[in-house]
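To convert, count from 1 in the sequence shown and add 6; that's this note's numbering. See structure below.
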Amino acid sequence: MQSATSSVPPIDRLSSLLERFRVRAHLFHTGPLCGVTHFAAKEGRSFLHVMRRGEMVVTHSAPSVRSAGVPRKLVVKEPSLLFYPRPLAHDFHNAPTEGSDFVCATVDFDGGEAHPLVRALPPLVQLPLHAVDGLEAALALLFAETGRVLCGHRLLADRLFEVVLIQLLRWLLDHPQESGVPAGLLTGLGDPQLARVLVALHERPGEPWPLEQMATEAGMSRSAFAARFKAVVGATPADYLAQWRLTIAQAELRTGASVKTIADRLGYANASALSRLFAQKVGVSPREWLARQSA
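Printed below as a string of structure tokens:
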């Protein structure tokens with residue numbers, strides 16, 4: 007007999023999220039690293055590193071709220087992927103006689119640290135390459151492109167880095183406990199029943215979405231759904247929906263959309279209703295928030 011969870015058909019948990027809040031990678035280094043290489047923290051900058059062979063020591067700056075849980079010193083002894091989704095200064099130490107083959111990229115998330123994935127990820131994700139199914143084929147293409155100069159090779163390398171990132175996100179969705187992902191978006195998407203609700207909210211944020219409708223989408227009772235959502239996602243369904251709509255509103259404000267237009271798209275009665283929520287959650291009006299972003 008199948009359990010209720012195992013009988014839930016699979017869904018695409020990432021596409022609607024990444025189509026609305028895009029991610030772009032940009033190759034900036036290929037080849038060995040020797041001595042000490044410093045990667046500075048800069049607002050809006052994320053790093054994705056792939057070490058193909060060799061060993062190294064990674065050091066991080068003094069602990070802070072931003073780097074909570076990240077060790078000051080990390081020894082990497084096997085081919086690995088290191089992903090820093092938020093700004094965090096780090097140094098790679100490589101003995102010149104040993105060398106290590108690297109490819110490195112910066113990753114730009116639409117909205118920077120306001121991007122839903124950036125908020126949901128731990129400050130550092132370190133994985134041995136062999137742990138991620140399907141990664142080897144993408145990496146073979148990536149290193150082939152970075153090892154020679156052909157027409158469009160940099161553009162293709164950027165796209166292949168994005169493929170690697172999506173494969174990493176897939177792994178995180180399926181292994182939230184192993185990766186140290188905190189309660190939030192990714193842990194919710196890792197739950198088969200809650201994922202159906204989250205994907206529906208992501209795709210159709212303008213619908214009313216009463217609790218009964220969300221519970222029906224998950225195939226659960228209201229009380230069981232509300233309890234599991236709070237435990238797994240770390241917020242009530244209503245609070246998550248409000249935050250998701252707010253994140254969309256901020257993204258659309260940056261593109262020049264009016265508050266009235268955004269309110270209509272997100273299912274609010276009028277622009278005032280959205281402005282009140284915005285001020286309650288952000289602390290300032292949409293107009294003031296946009297002025298600060300521009301400044």
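Heads up, the beta-carbon is just placed ideally off N, CA and C, and yes, glycines get one too.
Span separating the alpha-carbon of residue i from that of residue j
i: ARG282; j: GLY289; result: 10 Å
i: GLU223; j: ASN100; result: 51 Å
i: LYS266; j: ALA277; result: 5 Å
i: ALA384; j: ALA221; result: Given a span of 7 to 301 for the chain in the structure shown, any question on residue 384 remains unanswerable.
i: PRO134; j: TRP177; result: 12 Å
i: LEU171; j: SER86; result: 13 Å
i: ALA10; j: GLN173; result: Bear in mind that a pLDDT of 46 at ALA10, under 50, signals an unreliable position, so the number given afterwards is only what the model happens to contain. If you take the alpha carbons of ALA10 and GLN173, they lie about 27 Å apart.
i: GLY194; j: GLU209; result: 15 Å
i: ARG28; j: GLU294; result: 25 Å
i: VAL113; j: PRO91; result: 8 Å
i: ALA52; j: GLY60; result: With the sequence shown as reference, residue 52 is identified as Ser, and Ala is not the correct amino acid for it. Whole-angstrom Cα-Cα distance: 23 Å.
i: SER106; j: LYS83; result: 11 Å
i: ASP164; j: LEU217; result: 41 Å
i: ALA255; j: ILE268; result: 6 Å
i: PRO211; j: LEU247; result: 8 Å
i: GLN8; j: ALA68; result: Residue confidence for GLN8 is low, a pLDDT of 41 falling below 50, so the modelled location carries little weight and cannot support an answer.
i: LEU147; j: ASP139; result: 15 Å
i: LEU157; j: GLY50; result: Note that residue 157 is Cys in the sequence shown, not Leu. In a straight line, the C-alpha of CYS157 is about 29 Å away from that of GLY50.
i: ARG125; j: LEU259; result: 19 Å
i: PHE149; j: MET62; result: 19 Å
8 Å contact criterion, which residue i and residue j should meet: CB distance rounded
i: HIS55; j: PHE115; result: In fact, because the Cβ distance is near 17 Å, the residues do not count as touching under 8 Å.
i: ALA47; j: ALA111; result: Actually they are not in contact, since the Cβ atoms of ALA47 and ALA111 sit about 16 Å apart, beyond 8 Å.
i: HIS159; j: ASP97; result: Wrong, their Cβ atoms sit about 28 Å apart, outside the cutoff.
i: VAL76; j: LEU94; result: 7 Å
i: VAL131; j: PHE167; result: About 15 Å; that fails the 8 Å criterion.
i: MET240; j: ALA189; result: The question names Met, but residue 240 is Gly in the sequence shown. That belief holds up - the Cβ atoms of GLY240 and ALA189 are roughly 4 Å apart, short of 8 Å.
i: PRO122; j: THR261; result: Wrong, their Cβ atoms sit about 17 Å apart, outside the cutoff.
i: LEU20; j: LEU175; result: 6 Å
i: GLN199; j: GLY225; result: 6 Å
i: GLY196; j: PRO182; result: 5 Å
i: VAL201; j: ILE17; result: Per the sequence shown, residue 201 should be read as Ala rather than Val. Between ILE17 and ALA201 the Cβ distance is about 6 Å, and since that is below 8 Å, they are a contact.
Simplified DSSP assignment, three categories, for residue i
i: HIS181; result: coil
i: MET62; result: strand
i: VAL203; result: helix
i: THR152; result: helix
i: MET220; result: helix
i: SER21; result: helix
i: SER227; result: coil
i: VAL170; result: helix
i: SER291; result: coil
i: SER1; result: The requested residue 1 is not part of the displayed model; the chain covers only 7 to 301.
Element boundaries [alpha helix (DSSP H), containing residue i]
i: ARG30; result: Per DSSP, ARG30 belongs to no alpha helix (DSSP H); it is in the beta strand (DSSP E), 29 to 38.
i: GLY194; result: 191 to 195
i: LYS287; result: 277 to 288
Residue i: first and last residue of the uninterrupted beta strand (DSSP E) it sits in
i: VAL42; result: 41 to 45
| request: Counting only runs of 4+ residues fully inside the stretch 78 to 135, write out the alpha helix (DSSP H) ranges in chain order. | output: For the stretch 78 to 135, the full-length alpha helix (DSSP H) segments reaching 4 residues or more read 122 to 126 along the chain.
| task | Go through the stretch 228 to 274 residue by residue and report every complete run of the alpha helix (DSSP H) that reaches 4 residues or more, in order. | result | Listed in chain order, the complete alpha helix (DSSP H) runs (minimum 4 residues) inside the stretch 228 to 274 are 228 to 239, 243 to 260, 265 to 271.
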